[in-house]
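Numbering (this note's numbering), first residue to last: 2 to 339.
Glycine is no exception: its CB is placed at the ideal position from the N, C-alpha and C atoms.
One structure below.
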Ligand code: TXA
Ligand code: MG
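As structure tokens, then:
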């Protein structure tokens with residue numbers, strides 16, 4: 002199939018909405034990562050999403066809406082859910098709610114009695130959903146297991162000729178996927194870290210929130226609550242190794258010409274200029290999260306790079322979401338200075 006390139010303009014969005022209506026797949030921009038859209042109310046279209054991504058069939062999809070009121074068509078919206086939607090939407094928070102029976106096909110929910118909802122902070126995508134007149138399933142638009150796409154070029158790399166269209170709205174700004182919070186249980190439980198933090202959720206809900214994404218909790222769980230968490234994720238084909246910035250000096254001695262280093266500017270400045278290829282993660286948590294997947298994808302496609310060293314950040318705020326993705330990309334491999 003020929004994949005069509007779309008701009009975030011009304012004429013193109015109308016064509017993209019028509020493709021959605023025809024049961025085809027269109028990749029859409031969000032503030033976090035690019036999503037792979039299909040009509041969430043059309044099971045045959047949703048099945049194509051699993052095929053294009055190579056995604057395990059038991060991993061449920063996010064239902065992407067353009068208006069908080071759309072959620073009530075499919076799920077029971079509690080007072081707490083309403084508070085979170087009012088406060089964080091549009092934005093990087095996905096909310097899991099008990100569904101109304103028979104309103105969403107099992108292919109969307111993985112057969113669970115719950116579903117995940119999100120309203121992304123992107124005008125073109127909100128317009129697309131309104132034009133299509135249906136919510137879209139919206140997993141990240143990457144091949145399953147690979148780093149999520151933060152540019153349209155990343156989507157073309159993974160999805161060219163597999164999907165009907167790609168809407169290019171430039172690089173995403175957040176760079177890591179949305180926070181997933183489960184409101185079908187009490188207390189509210191974070192299943193995936195993202196730009197919306199545990200502290201922010203607690204403040205807005207005025208209640209304690211549990212975070213089950215700590216490495217021990219995830220690794221030990223045979224049946225993790227977010228089905229997606231049990232699969233290998235965000236991983237380039239090449240080995241990724243985390244390093245502590247305090248070990249930058251030791252790392253500089255240990256690296257070989259075929260190694261690449263991704264780090265904050267302050268850390269890169271401590272490394273002697275040499276043959277090693279580097280990728281700047283910018284100056285802070287935010288730029289690092291924005292750049293992480295792009296750097297991993299860049300070096301994964303470089304024939305002259307064999308291994309990718311990436312700086313770990315302090316476990317604060319967005320640093321937690323960043324570290325969570327990096328830990329998975331590296332399979333928890335850490336550089337050990339001796
Ligand atoms: O930022 C994002 O959320 C992006 C953009 C494109 O919106 N989307 C995204 O979707 O990351 P995906 O499918 O790659 O990740 C959704 C996660 C998966 O780990 C899935 O297992 C979990 O949400 N999930 C979906 N429905 C669930 C449910 N009913 N219960 C528990 N976890 C669920
Ligand atoms: Mg994904």
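To which residues of the same chain is residue i closer than 7 Å at the C-beta, ignoring the five residues directly before and after it?
i, result
"residue 185", "97, 98, 99 and 115"
"residue 17", "7, 27, 129, 166 and 168"
"residue 32", "93, 121, 122, 123, 173, 174 and 175"
"residue 321", "194"
"residue 273", "253"
Is any heavy atom of the ligand TXA found at a distance shorter than 6 Å from the C-beta of residue i?
i, result
"residue 114", "no"
"residue 182", "no"
"residue 179", "yes"
"residue 60", "yes"
"residue 63", "yes"
"residue 214", "no"
"residue 6", "no"
"residue 34", "yes"
"residue 117", "yes"
"residue 31", "yes"
"residue 309", "no"
"residue 95", "yes"
Please classify residue i as buried or exposed, where buried requires at least 16 other C-beta atoms within 10 Å of its C-beta.
i, result
"residue 333", "exposed"
"residue 303", "exposed"
"residue 126", "buried"
"residue 296", "buried"
"residue 2", "exposed"
"residue 262", "buried"
"residue 155", "buried"
"residue 250", "exposed"
"residue 23", "exposed"
"residue 54", "buried"
"residue 238", "exposed"
"residue 71", "buried"
"residue 134", "exposed"
"residue 247", "exposed"
"residue 11", "exposed"
Could you name the residues of the same chain whose beta carbon sits closer than 8 Å to that of residue i, not counting the 5 residues immediately before and after it, in chain order?
i, result
"residue 210", "182, 188, 189, 190, 191, 199, 202 and 203"
"residue 85", "94, 96, 182, 184, 202, 205 and 206"
"residue 4", "157, 160, 161, 162, 163, 164, 165, 166 and 167"
"residue 242", "308, 309, 310, 311, 331, 334, 335 and 336"
"residue 234", "146, 326, 329 and 330"
"residue 323", "177, 286, 289, 290, 293 and 314"
Is it the case that the CB of residue i approaches a heavy atom of the ligand MG more closely than 6 Å?
i, result
"residue 172", "no"
"residue 141", "yes"
Which whole-angstrom value is the C-beta distance of residue i and residue j, which I expect to be below 8 Å?
i, j, result
"residue 78", "residue 62", "About 19 Å separates the two Cβ atoms, so there is no contact after all."
"residue 173", "residue 311", "Rounded, the Cβ-Cβ distance is 19 Å, inconsistent with contact."
"residue 51", "residue 38", "Not confirmed; about 14 Å, so no contact."
"residue 284", "residue 269", "Not a contact, Cβ separation roughly 11 Å."
"residue 1", "residue 197", "With the chain covering only 2 through 339, there is no way to say anything about residue 1."
"residue 137", "residue 41", "6 Å"
Taking 6 Å as the limit between beta carbons, can you name the residues of its chain near residue i, skipping five residues before and five after?
i, result
"residue 117", "63, 95 and 97"
"residue 110", "61 and 116"
"residue 104", "75"
"residue 271", "249"
"residue 13", "7"
Of all the beta strand (DSSP E) runs that stay within the bounds of the segment 28-89, which reach a length of 3 or more residues?
-> 36-40 and 63-65, all fully within the segment 28-89.
Every unbroken beta strand (DSSP E) within the segment 108-137, with a cutoff of 3 residues, ordered by chain = Here the runs fully enclosed are 115-119.
Every unbroken alpha helix (DSSP H) inside the segment 163-205 [4 residues or more] = The qualifying runs do not exist here; there are none.
Alpha helix (DSSP H) segments (min. 4 residues) lying fully within the segment 224-306 | Whole alpha helix (DSSP H) segments, 4+ residues: 249-255, 266-271 and 286-301.
Pick out the complete beta strand (DSSP E) segments inside the segment 307-332, 3 residues or longer, and give them in chain order.
-> Those beta strand (DSSP E) runs which fall completely within the segment 307-332 and span 3+ residues are 308-312.
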